[in-house]
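> Structure in structure tokens, see below.
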Ligand SMILES: Cc1ncc(C[n+]2csc(CCOP(=O)(O)OP(=O)(O)O)c2C)c(N)n1
Ligand SMILES: Cc1ncc(C[n+]2csc(CCOP(=O)(O)OP(=O)(O)O)c2C)c(N)n1
Ligand code: SF4
Ligand code: SF4
Ligand SMILES: [Mg+2]
Ligand SMILES: [Mg+2]
């Protein structure tokens, strides 16, 4: 047992924290992350939790590496069960290489044969320190030892975390961490040799979640109005903006329902605000009439749609990429829209501010498609840059005789704001003439449809092409979109084949058909990887460009892709038909 | 002028009635239709009207033929302007072959050069008879003469129409018709020689509208619950069922909104009813969350979606086929659905009752996609048969231990009803286990997704293949769906080419990809005809089957396809690239 | 002629409809109050009543059926210097839009909410509306309406709306007085206006309203919510006038500025990129 | 143990939550009333409260957030022999579902509507609900709630609901009495139940409710709507008990049978194909 840790595969270390809701997993995670980041390691955490407030069994997976990681792995090097049931919850993922560190008394019975247990009586040590609540800090101390880190230089992180609490609490926590560390330090327990380098760069990077990246992006995009109705996993963006609302002068309104939310946001844009809504599938369903309204009014609009598995209530706290076609075709009638789906935190930030800018510029709704996995995952990422943010506001003052829907070759009529000038700004959900008044004239109708659709073409000026990640050739092309990127990239790295490239779409609509066909024409074998059951993006690609796939890897069990598992699947796909 | 009528093209006669809302167009139409049908002519009427209660300018087009007609034509043989403005409303469609019959005093000034006016002072004659309101009947009398029909044998239709009114009113109307007839009879005006045969068969046929066909189909399908919110052009089905509600024991409820409507309908199915909702695009948007609920609960559901041009409020009283992709992808998450789109009145009836039967059998939502053109058009059609109606109810009694979501190879678990047996019927919008209780287990999740999607495959047992209308070869294949059928078929007939066939889809989803490819493989040239701006069905076909089109004819100005205009477009498509 | 008049080729309302009266009175009141067309926004939903912006020379937002109040609230919140009126029919505001009606009242935005109450769905040709009276027969309610009619006055009072009034367009002068008070009220103001529909409501005609209404007199204390409720639930004769007024509550705009710290109007706000940079760096 | 109990491995509620009390009291009341699990349907939306059917041995329909009332109404209408209870949280019923709340009351279906009112959104982790009190701080309402709290009792009275009551689960016995009356009432019955949320509402605790409530006494006339309204708008202390009862109105099911001529239950109806054939032939 004592040397099993030292045998770990050196590329990275994977820790799984497991416990009931409300039992302090977050505390352990947070402290570890602060300490590891300041040590210069690359980090990733992903969350998996049940739809409940207390109890149940949740887990957080932490990966530590010398190079960027941003996907979970199915391998567990160190399991930390904070509660009874924690080991059973993940027992199928344990191997003889896993070390379980926990209380023998509470989880001993759950340990499968052949799996090592490092018995550290967290709660007993905590109780000795003064209170059972310190057991999370005890665990942190023990983990620091196991990871080969020093205690003293890192204690200040613990102090900072508890700052604001009474001095005594801070003191006891520091003590608890020390005792946790000491509980192993004297025992001859082998410590992990992290054989990958830490890097001073990482210390200067950001460490944040998808929800935070998108929220910061919204702020950079000038968002000053958010009306939404809480819905997992989209609420994080609402509460982030609420937390920083007074700092940035944002109107934050929790609407009575999603219908009110989207109609408010459209009203706000009309009056000159930069408004967004954040929601998930069921709420988006209720917003589709409003989405169609934005299309007709030619109103800019930003919708953050954080997906979770459906249909209906589905799995409220799990992940899926199942609402792509709904995002694309939701809303009655035909009108242009743009859909972004970030694959990295940096894209989360960039696409969120671009969403405001292109929505405003082309007067179309823009949907940012994320999912629970993306929202809840954290990792280190280079500091977001504000230089390339488009700070222009695309509305104009008006003069008498102003017509909101003036015909224009590119489909874009100057957008006035009521009260800003002598013109009248008249917008209408019926088909309308250039002034915004109801018309039923069939010629005007055709012109207006063409005008609206023309904007989609015009928006290709700001098109974001798919990114190709290639180490050698694109003989095999793995195609993915949105949050699947991280697992796919890592899976291909794991395979270590230089004939296999990754093509990732962060703008999923509109597409550049010629470009897609060009990429496909170079590949012998194409494989689609999506987090849904029917291959939605594959169908869209085929419908828009005609391209076909040789293989499809689809996942729809509520969990995110794990890079190692995905590597195996890609590998067997590549073997097929050989 | 006197002989221009006699010069008409003999295949059919096309009459256009034009006037303000509420001015009696319907009266003239109704009387003419009764009389012509009893004379054994094939008939078609189509309507085009403005979104208002009074005033504006509406028109009804009537076609009389020796063989079935079910699409409008752009040719006007006889124009009957019932009001000032009527001639101007359609002036671009008038030719030197058009005869305008109306009051010189009111519409004389609007008549373009070269167009003949037969001056019949409708209102003067009516006033002489006792009241201006009789002028519609005067017009009917004059039209009968013009059409070469006799007066006396047809007077009883007029009597029947006004039966229920005071005797004096009936008498005056008969008198007015007589005077209208006489006003031309003595003048040497040439009468139309209808050179096509009337047929005794037609007399035995039905004469009804699309709204009536679908409503009767719903009754045949056992519909006993309808909850809906009024919305043009779908309200006809709601009011038809309301009119006949007490006769057939139907619960008819006008809901506070479309959200309530669909959730009520799902509740009703749960309790053992056969429920439907009827709506249009904007209402459907609000229903998509409920649609997804039906998917998750595995509830049968019938949605009648009568399309009108969008986005948003759009053109509320006009027509379009613009909501197909929304019907297909509406609702978050992935779940099976079946979509029908009738092309004929007979299909309107048949698909409506089949909708109930397949919804019940496969426990899936079924959408019947029609549109304003289909709803409002009338023609003669063979008597609907009740023999092939599936009268089976697909729910079962339950016993203790019953599990609503019992796994089954074909995906279909026996559907129990609360109160019918000793079992408990538990349905849940969360992901659930076989009993209907919440689960977050990822294996169960996968099994349940597969089970639900499996039903789509199973439903192929009842698949309705596309119909091929071929006179010779399918060298050229014109592809259409839903209500476009009639105009497309007639257009191809007009072209008179035996190398050009029509392929019509009345089941638009799911599709049989192999069958589609087979049809396409035989064609050299394929042309898509759709009533929308982006070619939605073409995109679906391509996405599902890979097939491509050589040409597309799209219409999105709010008006329906006219067969003669369409013939010209198909022709030029066929010429292209030759 | 006043500054809100526009050249119209065509109005979609039936001749003699009560909507014309509301249009005229509203234009006149706004004119008298010195409000400028460029500084106000008329927000409406869908229905016959909701077509009113098309006959008005002003900024307008003609949105979705039932959804006038959310954009109206947002417009006022984004730019409180605009006069904002939300106007639609009874079906639109109390049926499809019922949830917004409730929660907008809770917000108390400084908007005037005018509801054309003809007790029927006009545009869709005569179905019952939430305010249709028991027994009213329609093509859908063939046996007559049997739902309890929605009482907007009582519900608004239950929600402690800050201004609650009812008018009858058969009396344009007093309707103008009521509109004026509503427009001058600081928070949310409801004016439910009886507006006979000639075409689809043959029961609740001008004559019927004349016979079934009376004006609240000076003895009515507009600051007494319980008394207002008692008046609101009277059914023999329906009271007209201002039922209730409460000037003590803050508006939504005031609250978002004071409690929420938003700086209005939003269109002239600029993002503080310095602050944003600092915030980003906090995640280091 | 009673007939509604089921074996449970796991309940998703926090220990000590008021929801447990409601679960127990409701089971007990139903048991005492002799209602059979097979003959009743528990309809709920989404939220912590709305998970209640999963801990109940009975038929259930656990639908969408905010949408319990429409299916409940339809189930009762389709088969009036079933006892139908619609149960959810305050956010579900009064927020997302507000429009159904209003219009269901107008219909007066024979269902019991139990609302777990914890003045907060529990499942989504502590945002304000429509009933949250002014000043309540949350991660979204960072400066405190400033919307007027939704008063379900007053609104139900404004809509002339036929049974309106409020309970506090801190007192299980009297809650049971109230539930019993509600379940025995012929039409729509609202019971708004104060249910403290330990986790996300640190203000409106068991203690707080004990201090801020009192029971209506015998002097309260449950048939006097105006008096009930006066009680409903009291805010110093919130009254508990039955505010109002009106046994004179027909239920929705009675009306659809009498006025609408529907023959219930629908599941045993057969289409009259003879009549249908005649109807079809009328179009000849
Ligand atoms: C979502 C949606 N549902 C239904 C409609 C159809 N619709 C338009 S107006 C209207 C009702 C109009 O009644 P009311 O609001 O009372 O206005 P009125 O015409 O009587 O003035 C309806 C049902 C619609 N446009 N959108
Ligand atoms: C359409 C939709 N919007 C939002 C949600 C997310 N959601 C689930 S429960 C809930 C609120 C729960 O509050 P409440 O009804 O008061 O129940 P509680 O948890 O407090 O018992 C919300 C916002 C959802 N499931 N569906
Ligand atoms: S239908 Fe009624 S409400 Fe509409 S314009 Fe005509 S009279 Fe007025
Ligand atoms: S979150 Fe609140 S309401 Fe939900 S179970 Fe916990 S204590 Fe109860
Ligand atoms: Mg109305
Ligand atoms: Mg709650």
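Chains as they are written, first to last, in the numbering used here: chain A, 613 to 1190; chain B, 613 to 1190; chain C, 3 to 286; chain D, 3 to 286. No residue lacks a Cβ here, since even glycine has one placed at the ideal position from N, Cα and C. Note that this is a predicted model, so its numbers are computed, not measured.
Is there a Cβ from chain B that is less than 8 Å from the Cβ of residue 1002 (chain A)?
Not closer than 8 Å to any Cβ of chain B, the Cβ of residue 1002 (chain A) fails to qualify, so no.
> Can you name, in chain order, every residue of its own chain whose Cβ lies under 6 Å from the Cβ of residue 1102 (chain A), other than the five neighbours on each side?
683 and 1175, listed in sequence order.
> Does the contact criterion of 3 or more C-beta pairs under 8 Å hold for the segment 1014 to 1033 of chain A versus the segment 987 to 1001 of chain A?
As far as the Cβ criterion goes, the segment 1014 to 1033 of chain A does not touch the segment 987 to 1001 of chain A, which means the pair count is below three.
> At a threshold of 7 Å, does residue 21 (chain C) count as lining ligand 3 (C-beta to nearest heavy atom)?
Residue 21 (chain C) Cβ: within cutoff of ligand 3.
> What are the boundary residues of the alpha helix (DSSP H) that residue 881 (chain B) is part of?
Run containing residue 881 (chain B): 870 to 882, per the alpha helix (DSSP H) assignment.
> By the criterion of Cβ-Cβ separation under 9 Å, what are the contact partners of residue 864 (chain B) in chain D?
258, 262 and 264, listed in chain order.
> Is any heavy atom in ligand 3 found nearer than 7 Å to the beta carbon of residue 15 (chain C)?
Flag set: Cβ of residue 15 (chain C) near ligand 3.
> Using the Cα positions of residue 804 (chain B) and residue 733 (chain B), report the straight-line distance between them to the nearest angstrom.
Looking at the two C-alpha atoms, the distance is approximately 20 Å.
> Considering residue 1185 (chain B), what are the terminal residues of the alpha helix (DSSP H) in which it resides?
Here the alpha helix (DSSP H) through residue 1185 (chain B) covers 1175 to 1187.
> What separation, rounded to the nearest whole angstrom, lies between the Cα atoms of residue 1116 (chain B) and residue 50 (chain C)?
Roughly 39 Å separates the two Cα atoms.
> Any chance the CB of residue 201 (chain C) is under 7 Å from a heavy atom of ligand 3?
Residue 201 (chain C): yes, Cβ under 7 Å from ligand 3.
> Is it the case that the Cβ atoms of residue 1045 (chain B) and residue 1006 (chain B) are separated by a distance below 8 Å?
Cβ distance not < 8 Å, so residue 1045 (chain B) and residue 1006 (chain B) don't count as in contact.
> Which residues in chain D sit within 7 Å of residue 76 (chain C), going by Cβ to Cβ distance?
What residue 76 (chain C) touches in chain D: nothing, since even the nearest Cβ is about 15 Å away.
> Taking Cβ to Cβ, would you say residue 880 (chain A) is nearer than 8 Å to residue 46 (chain C)?
No.
> Closest to residue 280 (chain C) by CA distance: which of A:828, A:847 and A:1082 is it?
When each option's Cα is compared against that of residue 280 (chain C), the closest is A:828.
> Where does residue 90 (chain C) fall in DSSP's three states?
Strand.
> Would a C-beta distance cut-off of 8 Å place residue 1153 (chain A) and residue 1128 (chain A) closer than the cut-off?
The answer is yes: Cβ separation under 8 Å.
> Please list the segments of the alpha helix (DSSP H) lying wholly inside the segment 144 to 204 of chain C, counting only runs of 4 or more residues, in order along the chain.
Complete alpha helix (DSSP H) runs here, min 4: 154 to 160 and 174 to 186.
> Would the C-beta of residue 153 (chain D) count as close to ligand 4, meaning under 7 Å from any of its heavy atoms?
Residue 153 (chain D): no, Cβ never under 7 Å from ligand 4.
> State the beta-bridge partners of residue 1114 (chain A) as determined by DSSP.
A:1081 and A:1090.
> Cβ of residue 93 (chain D) within 7 Å of any heavy atom in ligand 2?
At least one heavy atom of ligand 2 is nearer than 7 Å to the Cβ of residue 93 (chain D), so yes.
> Kindly list the residues whose CB is nearer than 6 Å to the CB of residue 170 (chain C), restricted to its own chain and excluding five residues on each side of it in sequence; keep chain order.
If we look at residue 170 (chain C) and ignore the five residues flanking it on each side, its Cβ neighbours are 196, 211, 215 and 242.
> Consider the Cβ of residue 977 (chain A): report whether some Cβ of chain C lies at a distance smaller than 8 Å.
Residue 977 (chain A) does not count as touching chain C.
> I need the DSSP call for residue 616 (chain A), collapsed to helix, strand or coil.
Low confidence applies here, because residue 616 (chain A) scores a pLDDT of 46, under 50, leaving its location unreliable and the question unanswered by this model.
> Only counting the same chain, and skipping five residues up and downstream in sequence, which positions put a Cβ closer than 7 Å to that of residue 962 (chain A)?
Excluding positions up to five away in sequence, the list reads 829.
> Can a CB atom of chain B be found closer than 8 Å to the CB of residue 614 (chain A)?
Here the model assigns residue 614 (chain A) a pLDDT of 37, short of 50, so the residue's position is not dependable, and the following value carries that caveat. No, its Cβ sits nowhere closer than 8 Å to a Cβ of chain B.
> How long is the line joining the alpha carbons of residue 871 (chain B) and residue 902 (chain B), rounded to whole angstroms?
For residue 871 (chain B) and residue 902 (chain B), the distance between alpha carbons rounds to 7 Å.
> Flag residue 104 (chain C) as yes if its beta-carbon sits less than 8 Å from any beta-carbon of chain D, otherwise no.
Yes, contact with chain D.
> Shorter than 7 Å, the distance from the beta carbon of residue 124 (chain D) to the closest heavy atom of ligand 4, or not?
Yes, the Cβ of residue 124 (chain D) comes within 7 Å of a heavy atom of ligand 4.
> Check residue 1140 (chain A) in the structure and name its three-state DSSP category.
Residue state, collapsed to three classes: strand.
> So that I know if they touch, is there some Cβ in chain G lying closer than 8 Å to that of residue 1006 (chain B)?
Absent from the structure: chain G. Protein chains present are A, B, C and D.
> State the start and end residues of the unbroken beta strand (DSSP E) segment that holds residue 670 (chain A).
Looking at the DSSP string, the run of the beta strand (DSSP E) that includes residue 670 (chain A) is 667 to 677.
> Kindly give me the distance between the Cβ atoms of residue 254 (chain D) and residue 69 (chain D), rounded to whole angstroms, as I take these residues to be in contact under 8 Å.
Contact flag wrong, Cβ pair sits at about 17 Å.
> Tell me which residue opens and which closes the beta strand (DSSP E) that residue 118 (chain D) is part of.
Looking at the DSSP string, the run of the beta strand (DSSP E) that includes residue 118 (chain D) is 113 to 119.
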